[in-house]
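Counting in our numbering, the sequence shown runs from 8 upward without gaps.
C-beta atoms are modelled at their ideal positions from N, C-alpha and C, and glycine is treated no differently.
This structure is a prediction, so every number in the text was calculated from the model and none was measured.
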Amino acid sequence: MNDTTRLIGRFGGAGLDRAAIALSGLCVVHCLASAVLLAMLSAAGGLLLNPIFHEVGLTIAIVLGAIALGRGVMEHGYVMPAAMGAFGLGIMAGAMSLPHEGGHGAETLWTVIGVGLLAFGHDLNRRAVI
Numbered sequence: 008m009n010d011t012t013r014l015i016g017r018f019g020g021a022g023l024d025r026a027a028i029a030l031s032g033l034c035v036v037h038c039l040a041s042a043v044l045l046a047m048l049s050a051a052g053g054l055l056l057n058p059i060f061h062e063v064g065l066t067i068a069i070v071l072g073a074i075a076l077g078r079g080v081m082e083h084g085y086v087m088p089a090a091m092g093a094f095g096l097g098i099m100a101g102a103m104s105l106p107h108e109g110g111h112g113a114e115t116l117w118t119v120i121g122v123g124l125l126a127f128g129h130d131l132n133r134r135a136v137i
């Protein structure tokens, strides 16, 4: 039994999707809190806008998405949840190329849209597994 199989067995089918949905929620909170905090405290807001924070978050989202959504396709055979999740991840990755400063919130807006689509994909996957 490899590490991935043990991880999936430990969290259960729908449990991994629930964890990914919770992570998506934390991402939305981070995006919105960063914008508000940046407006209130310019110096402190810069910490939350550090590119490494976003790169690590996207990497975690990609890994969780690949495991949970890939497992779903193998288990229930529906591709739509994985396609929706991949579309959301693509939007999130594309949003990272937009400027933080002076972007008039475009980066935050596209990230929140991508996170919402990814969470929707995980929800579809969770419902298909049940």
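Between which two residues does the alpha helix (DSSP H) containing residue i stretch?
{"i": "M4", "result": "Any answer about residue 4 is impossible in this case: the structure gives the chain only from 8 up to 137."}
{"i": "G64", "result": "P58 to H83"}
Taking the alpha carbon of residue i as the reference point, which residue from the options has its own alpha carbon closest?
{"i": "G22", "options": "I98, R78 and A113", "result": "R78"}
{"i": "F60", "options": "L33, R133 and L76", "result": "L33"}
{"i": "G95", "options": "L30, F127 and P106", "result": "F127"}
{"i": "M103", "options": "S31, H37, P58 and D24", "result": "P58"}
{"i": "V63", "options": "D24, M99 and R25", "result": "M99"}
{"i": "R25", "options": "I74, L116, W117 and A93", "result": "I74"}
{"i": "V36", "options": "R133, L116 and G97", "result": "L116"}
For residue i, which residues from the same chain have a beta carbon less than 6 Å from its beta carbon, with the 5 sequence-adjacent residues on both sides left out?
{"i": "A89", "result": "L76 and V80"}
{"i": "L105", "result": "A113 and E114"}
{"i": "Y85", "result": "A135"}
Near residue i, which residues of its chain fall below 7 Å by C-beta distance, leaving aside the five closest residues on each side in sequence?
{"i": "L131", "result": "M87, P88 and M91"}
Go ahead and pull the three-state DSSP assignment for residue i.
{"i": "L23", "result": "helix"}
{"i": "G112", "result": "coil"}
{"i": "L105", "result": "coil"}
Leaving out five residues before and five after residue i in sequence, what residues of the same chain have Cβ atoms less than 8 Å from its Cβ?
{"i": "S157", "result": "Residue coverage of the chain in this structure runs from 8 to 137, which leaves residue 157 outside it and unanswerable."}
> If we count Cβ pairs, one from each stretch, closer than 8 Å, do we get three or more for the segment 69–78 versus the segment 113–122?
Replying inline: As far as the Cβ criterion goes, the segment 69–78 does not touch the segment 113–122, which means the pair count is below three.
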